[in-house]
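Notes follow the structure.
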Amino acid sequence: MIVTRFAPSPTGLLHLGHAFAAIVAHDAGERFLLRIEDIDSARCREEFVTAIFEDLHWLGLRWEEPVLRQSNRETAYHAALGRLNAAGLLYPCFCTRKEIADEIARAAEAPHGPDGPIYPGACRHLTNAERESRIRSGSPHALRLDVAKAAAVAGSLSFQEEGRGPCGESGSIIARPEQFGDIVLARKDMPAAYHLAVVVDDAFQTVSLVTRGSDLFAATHVQRLLQALLGLSVPSYAHHRLILDASGRKFSKRDQAVTLRSVRGAGTTPQAVRTRLGL
Ligand code: GLU
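Counting from 453, one number per residue, gives the positions in the sequence shown under the numbering used here.
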């Protein structure tokens with residue numbers, strides 16, 4: 453049984469790029485699930501959750517109920533963090549964004565990963581006593597994964613690419629999680645970061661095939677590592693092409709003209725949306 457999911461964040465109205473991702477996931481699954489990735493409460497809005505349901509329904513998609521919402525999953529993320537912490541793979545990071553940017557600016561050579569410059573690692577080198585005293589004094593901190601240590605524990609890993617990755621790669625892909633550096637897994641203001649929540653929830657929802665845009669291909673490398681560390685089931689992946697605007701850029705939530713709301717308001721039919729998307 454192929455189980456797929458569409459996992460939007462309710463931070464704006466869905467646009468044609470989301471419609472493409474949702475239809476691809478829907479059509480690839482024998483069971484199709486919807487997950488609302490609303491863990492970032494500062495950016496997510498309830499009106500956009502309602503709009504997601506309405507717009508996907510208008511497109512003709514149906515999904516299983518109940519819909520999973522990440523805002524209800526704090527306990528599960530907490531347990532996953534506890535497991536990584538018990539294995540000695542996390543460390544508290546007290547750096548502010550500015551301190552990290554300054555340190556990167558000072559470095560002669562700042563290595564870059566898929567999401568920008570890699571965390572230089574100041575807090576990785578703190579002693580346990582320093583960590584404890586800063587936590588006791590109430591310093592806000594994130595939790596980072598010690599990726600080199602984690603990769604050594606997990607050993608060599610791969611994932612199955614069913615689509616064509618951004619470089620035309622398919623088949624068994626060797627995971628290279630180190631490319632991100634020590635990622636944040638829990639933020640000061642959020643119980644879990646995206647990579648952690650996604651792997652915990654994909655396993656919980658028994659997703660067997662993750663379809664998503666090729667812009668998340670790199671993310672799969674680090675998510676594969678987290679699955680191994682947490683003993684989670686490993687889905688196959690099919691990364692798909694991105695829907696681009698006339699100037700070759702990805703649509704953003706600010707492009708009002710291509711929201712499903714506006715194409716629908718302009719009298720377009722769901723079938724015409726599929727045709728426009730080349731589906
Ligand atoms: N919530 C993510 C987004 O809206 C998608 C996560 C995923 O498909 O893994 O970009």
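Note that beta-carbon positions come from the ideal geometry of N, C-alpha and C, so glycine has one too. Quick caveat: nothing in here was measured; it's all calculated off a predicted structure.
Just verifying my parser: in three-state terms, what is the DSSP assignment at residue i?
i: residue 722; result: helix
i: residue 468; result: helix
i: residue 579; result: coil
i: residue 714; result: helix
i: residue 657; result: coil
i: residue 588; result: helix
i: residue 613; result: strand
i: residue 560; result: coil
i: residue 652; result: helix
i: residue 569; result: strand
For residue i versus residue j, is the C-beta distance shorter than 8 Å?
i: residue 463; j: residue 495; result: yes
i: residue 466; j: residue 491; result: no
i: residue 636; j: residue 675; result: no
i: residue 475; j: residue 511; result: yes
i: residue 630; j: residue 600; result: yes
i: residue 691; j: residue 669; result: yes
i: residue 562; j: residue 648; result: no
i: residue 571; j: residue 634; result: yes
Among the candidates the options, whose CA atom is the shortest distance from the CA of residue i?
i: residue 522; options: 715, 459, 576 and 466; result: 459
i: residue 516; options: 680, 482, 642 and 598; result: 482
i: residue 575; options: 561, 597 and 563; result: 597
i: residue 748; options: 672, 694 and 634; result: Shown here, the chain extends from 453 to 731; a query on residue 748 therefore has no answer.
i: residue 605; options: 526, 542, 591 and 644; result: 542
i: residue 703; options: 473, 454, 453 and 457; result: 473
i: residue 623; options: 537, 710 and 612; result: 612
i: residue 698; options: 710, 570, 705 and 506; result: 710
i: residue 457; options: 680, 687, 722 and 718; result: 687
To the nearest angstrom, how far is it from the Cα of residue i to the Cα of residue j?
i: residue 683; j: residue 583; result: 28 Å
i: residue 557; j: residue 566; result: 18 Å
i: residue 548; j: residue 469; result: 33 Å
i: residue 513; j: residue 551; result: 46 Å
i: residue 662; j: residue 638; result: 23 Å
i: residue 555; j: residue 573; result: 10 Å
i: residue 587; j: residue 546; result: 9 Å
i: residue 671; j: residue 592; result: 26 Å
i: residue 594; j: residue 578; result: 14 Å
i: residue 652; j: residue 525; result: 9 Å
i: residue 454; j: residue 632; result: 30 Å
i: residue 715; j: residue 506; result: 14 Å
i: residue 660; j: residue 528; result: 19 Å
So what does residue i bridge to, in DSSP terms?
i: residue 728; result: According to DSSP, which records beta bridges pairwise, residue 728 is partnered with nothing at all.
i: residue 487; result: 520
i: residue 545; result: 594
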